[in-house]
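A.B. asks: Right, I'll just put the structure down here and ask away after.
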Amino acid sequence: MILAIDIGNTNMEFGVCDSQRVVATFRLGTNRDITSDEVGLFASQFFLIQGLDKSQIQDVVITSVVPQVMYSVTNAIKKYFNRTPLIVGENLPFPIANLYDNPKEVGADRLVNAVAAYQKYHAPLVIVDFGTATTFDAVDADGAYLGGAIYPGIKISMDALFQKASKLPRVELVNPGNVIGKNTVNSMQSGVIYGYVGAVKNIVELMKNSLGSETVVVATGGLSKMIGKESGVFDHIDKTLTLEGLMMLYRIYRETQEGSGR
């Protein structure tokens, strides 16, 4: 089995993967001050609860956009799993053409998503990842990463409204069921949900116009199902896309290593 870890600004998602699929996932909040023991004990407890044997983990693969937690996470893997992790962009390369003006500026998770989506769907792609920020990434018909757009995450937008408007409360992020809110809470929910849906539809449409009518639109991340239901623009909602991408990168890496006789 492989342990794949996607470290984002809000959450760290762990995926236990066999040779074919992601078999179990769990999340841990991304705390910049977290210790290696906290990470290791949390992961060990999850394995115990799920009836999984952590000694069966052959390798660990990590993608991260939060450098501050990498020391703790890598040391947790070494201490509790007895493995030295493979880290995307460091000792685990990308098999993808990156056409960004400065390729080093692209978040590793965005490139992992691009690899996974192209391997699965083999078409020009728009990939929408709902995380702390919502990213829109374009991949051409040859599988090259073209670039994309970065938009404030929906939770960031909601928090900003609460923090900057003194009379507005913090509200639950749910669909109010009607665009015309009859009270403050519903009005805020309406504005955030339907406003966000409108932004997503517009950006996706503009990207599809650039890439061509055969473009496939894939959504991933925590709020992909909610926004997908309202927007109707996604061909696929793929919640484990990043973890699957890490598995793919690992397999490609191992095949290359075996081919070179290492």
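The sequence shown begins at 982 in my numbering and counts up one residue at a time. The beta-carbon is built from N, C-alpha and C at its ideal position, and this holds for glycine as well.
(1) My understanding is that Ala1098 touches Met1188, with C-beta atoms under 8 Å, so please give their C-beta distance in whole angstroms.
(2) Within the region 985–1017, note down every full beta strand (DSSP E) run reaching 3 residues or more, in order along the chain.
(3) DSSP state of Asp1118, grouped into three classes?
(4) So, is Asn1063 buried or exposed, given that buried needs 16 or more other C-beta atoms within 10 angstroms?
(5) Once the 5 residues before and after Ile1131 are set aside, which same chain residues still bring their CB inside 7 Å of it?
(6) Please look up how many angstroms separate the CB atoms of Gly989 and Val1046, rounded, as I've assumed it's under 8 Å.
(7) For Met1207 and Leu1092, I'd like the C-alpha separation in whole angstroms.
(8) Quick one: grab the DSSP three-state call for Leu1073.
(9) Helix, strand or coil: how does DSSP classify Pro1048 here?
(10) Which whole-angstrom value describes the C-beta separation of Val1199 and Val1214, a residue pair presumed to lie in contact below a C-beta threshold of 8 Å?
(11) With respect to the beta strand (DSSP E) encompassing Ala1200, which residues constitute its N-terminal and C-terminal limits?
(12) Using a threshold of 7 Å, state whether the C-beta atoms of Val1107 and Val1004 are closer than that.
(13) Is the beta carbon of Val1178 sitting closer than 7 Å to the one on Ser1212?
(14) If I measure Cβ to Cβ from Ala1125 and keep anything under 6 Å in the same chain, skipping five residues before and after, which residues do I get?
(15) Roughly how many angstroms separate the alpha carbons of Glu1040 and Thr1055, rounded to a whole number?
(16) Whole alpha helix (DSSP H) runs in the region 1096–1176 with 4 or more residues, listed along the chain?
(17) Skipping 5 residues on each side, what residues in its chain have a beta carbon closer than 7 Å to that of Ile1015?
(18) Do the region 993–1011 and the region 1220–1235 meet, that is, are 3 or more Cβ pairs less than 8 Å apart?
(19) Would you call Asn1164 buried or exposed, if buried means 16 or more other Cβ atoms sit within 10 Å of its Cβ?
(20) Look up Leu1067 in the DSSP assignment and say whether it is helix, strand or coil.
(21) Among Val1109, Gly1134, Ile1038, whose alpha-carbon lies nearest the alpha-carbon of Met1228?
(22) Using only the alpha-carbon positions, how far apart do Gln1031 and Ala1024 sit?
C.D. replies: Considering the structure as presented:
(1) Your numbering for residue 1098 matches position 117 in the sequence shown. Your numbering for residue 1188 matches position 207 in the sequence shown. Incorrect: roughly 13 Å between the Cβ atoms, too far for contact.
(2) Whole beta strand (DSSP E) segments, 3+ residues: 992–998, 1003–1010.
(3) Within the sequence shown, numbered from 1, the residue matching residue 1118 stands at position 137. Strand, per DSSP.
(4) Working through the sequence shown from its first residue, we reach residue 1063 at position 82. Flag for Asn1063 reads exposed.
(5) Counting from 1 along the sequence shown, the entry for residue 1131 is found at position 150. Contacts found: Ala1114, Thr1116.
(6) Locating residue 989 in the sequence shown gives position 8, counting from the first residue. Locating residue 1046 in the sequence shown gives position 65, counting from the first residue. In this structure Gly989 touches Val1046 by the C-beta definition: roughly 6 Å separates them, less than 8 Å.
(7) For the purposes of this step, residue 1207 is taken as the residue at position 226 of the sequence shown. For the purposes of this step, residue 1092 is taken as the residue at position 111 of the sequence shown. Roughly 24 Å separates the two Cα atoms.
(8) Residue mapping note: residue 1073 aligns to position 92 of the sequence shown, counting from 1. Strand.
(9) Sequence index remark: in the sequence shown, residue 1048 carries index 67 (1-based). If DSSP states are grouped into helix, strand and coil, Pro1048 belongs with the helices.
(10) As a first step, residue 1199 is located in the sequence shown; it is residue number 218 there, counting from the start. As a first step, residue 1214 is located in the sequence shown; it is residue number 233 there, counting from the start. Not a contact, Cβ separation roughly 11 Å.
(11) Counting from one through the sequence shown, the residue named residue 1200 turns up at place 219. Ala1200 -> beta strand (DSSP E) spans 1197–1202.
(12) On the sequence shown, position 126 is the one that residue 1107 refers to. On the sequence shown, position 23 is the one that residue 1004 refers to. For Val1107 and Val1004, no; Cβs fall outside 7 Å.
(13) Position 197 of the sequence shown, counting from 1, holds the residue named residue 1178. Position 231 of the sequence shown, counting from 1, holds the residue named residue 1212. Yes.
(14) Within the sequence shown, residue 1125 is the residue found at index 144, counting from 1. Taken in chain order, the residues that qualify are Ala1078, Leu1080.
(15) Locating residue 1040 in the sequence shown gives position 59, where the first residue counts as 1. Locating residue 1055 in the sequence shown gives position 74, where the first residue counts as 1. In the sequence as presented, Glu is not what sits at residue 1040; that position holds Asp. Straight-line Cα distance between these residues: approximately 12 Å.
(16) Entirely contained in the region 1096–1176, the alpha helix (DSSP H) runs reaching 4 residues are, in chain order, 1135–1145.
(17) Along the sequence shown, read from residue 1 onward, the residue named residue 1015 stands at position 34. If the five residues before and after Ile1015 are omitted, its C-beta is found closer than 7 Å to the C-beta atoms of Val1050, Ser1053, all from its own chain and listed in chain order.
(18) By the Cβ criterion, the region 993–1011 is in contact with the region 1220–1235, since at least three pairs of Cβ atoms, one from each stretch, lie closer than 8 Å.
(19) Along the sequence shown, read from residue 1 onward, the residue named residue 1164 stands at position 183. In this structure Asn1164 is exposed. Its beta-carbon is surrounded by fewer than 16 other beta-carbon atoms within 10 angstroms.
(20) What you label residue 1067 is simply residue 86 of the sequence shown in a count that begins at 1. Correct three-state label for Leu1067: strand.
(21) Numbered from its first residue, the sequence shown carries residue 1228 at position 247. Comparing Cα-Cα distances from Met1228 to each of Val1109, Gly1134, Ile1038, the minimum goes to Ile1038.
(22) Sequence index remark: in the sequence shown, residue 1031 carries index 50 (1-based). Sequence index remark: in the sequence shown, residue 1024 carries index 43 (1-based). Distance between the alpha carbons of Gln1031 and Ala1024: 11 Å.
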